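Undergrad: The structure's right below; bear with me while I get my questions together.
In the numbering used here, the protein residues as written are 264 to 397.
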């Protein structure tokens with residue numbers, strides 16, 4: 264997203280963390296990320312969001328991401344959302360992505376896959392190396 268929208272201005276609006284999620288089979292965890300950038304865009308919101316949709320297709324492999332509009336928000340926003348379109352929900356395992364752009368505004372929301380296990384403690388590596396290797 265930074266390559267399309269711009270590098271500067273994301274740091275102050277970025278929050279991430281682990282949450283409990285429903286796996287249907289016990290404890291499960293999901294990582295989420297929210298990034299908000301309140302700076303001017305390099306082009307009109309429709310163009311920026313179209314370029315983000317193309318980057319998601321070509322660089323990440325997420326095809327079929329429609330560019331949509333939400334005129335209920337002020338100012339109106341141009342949106343792409345995967346996998347089910349804007350306000351269409353996430354995949355069955357909780358995975359989803361949403362990008363919005365408007366006048367001097369861009370946001371990215373990512374919900375990771377819901378995976379079995381406990382929510383990791385802050386600062387805990389996800390794949391710790393075994394300490395008893397020879």
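For each residue, glycine too, the CB sits at the ideal point set by N, CA and C.
Note that the structure is predicted; figures quoted are calculated from it, not measured.
Tell me, to the nearest whole angstrom, how far the beta carbon of residue 342 is from that of residue 319; I am working on the premise that it is less than 8 angstroms.
TA: Taking the first residue of the chain shown as position 1, residue 342 is located at position 79. Taking the first residue of the chain shown as position 1, residue 319 is located at position 56. In fact, because the Cβ distance is near 13 angstroms, the residues do not count as touching under 8 angstroms.
Undergrad: I'd like the list of long-range same chain contacts for residue 373, defined as Cβ closer than 6 angstroms, with 5 residues on each side in sequence excluded.
TA: For this step, residue 373 is matched to residue 110 along the chain shown. Take residue 373, set aside five residues on each side of it, and the residues of its chain with a beta-carbon closer than 6 angstroms to its own are 296 and 360, in chain order.
Undergrad: In three-state DSSP terms, what is residue 300?
TA: By 1-based counting over the chain shown, the position of residue 300 is 37. If DSSP states are grouped into helix, strand and coil, residue 300 belongs with the strands.
Undergrad: Could you tell me which residues DSSP puts in a beta bridge with residue 341?
TA: By one-based count along the chain shown, residue 341 stands at place 78. 332 and 364, per the DSSP bridge assignment.
Undergrad: Going along the chain, which residues of its own chain have a beta-carbon closer than 8 angstroms to the beta-carbon of residue 315, five neighbours each way excluded?
TA: As a first step, residue 315 must be located in the chain shown, where it is residue number 52. Cβ within range, chain order: 264, 267, 268, 343, 362 and 364.
Undergrad: What does residue 371 pair with, by DSSP beta-bridge criteria?
TA: As a working mapping, residue 371 is identified with position 108 in the chain shown. Partner residues in the beta bridge of residue 371, as assigned by DSSP, are 298 and 362.
Undergrad: Would you mind sorting residue 337 into buried or exposed? The rule is 16 or more other CB atoms within 10 Å of its CB.
TA: As a working note, residue 337 is residue 74 in the chain shown. It counts as exposed.
Undergrad: Once you ignore the five residues that flank residue 281 on each side, which residues in its own chain have a CB closer than 6 angstroms to its CB?
TA: Position 18 of the chain shown, counted from the start, is the residue given in the question as residue 281. Taken in chain order, the residues that qualify are 292, 294, 382 and 383.
Undergrad: Tell me which residues share the same chain as residue 273 and place their Cβ nearer than 6 angstroms to its Cβ, disregarding the 5 neighbours each side in the sequence.
TA: For the purposes of this step, residue 273 is taken as residue 10 along the chain shown, with counting starting at 1. Contacts found: 298 and 300.
Undergrad: Using CA atoms only, rank isn't needed, just tell me which of 285, 309, 348 and 354 is closest to residue 366.
TA: Working through the chain shown from its first residue, we reach residue 366 at position 103. Of the candidates 285, 309, 348 and 354, the one whose C-alpha sits nearest the C-alpha of residue 366 is 309.
Undergrad: Would residue 312 be called buried (16 or more neighbouring beta carbons within 10 Å of its own) or exposed?
TA: By one-based count along the chain shown, residue 312 stands at place 49. That one is buried.
Undergrad: For residue 426, name the three-state secondary structure that DSSP assigns.
TA: For residue 426 there is no data in the structure shown, the boundaries of the chain being 264 and 397.
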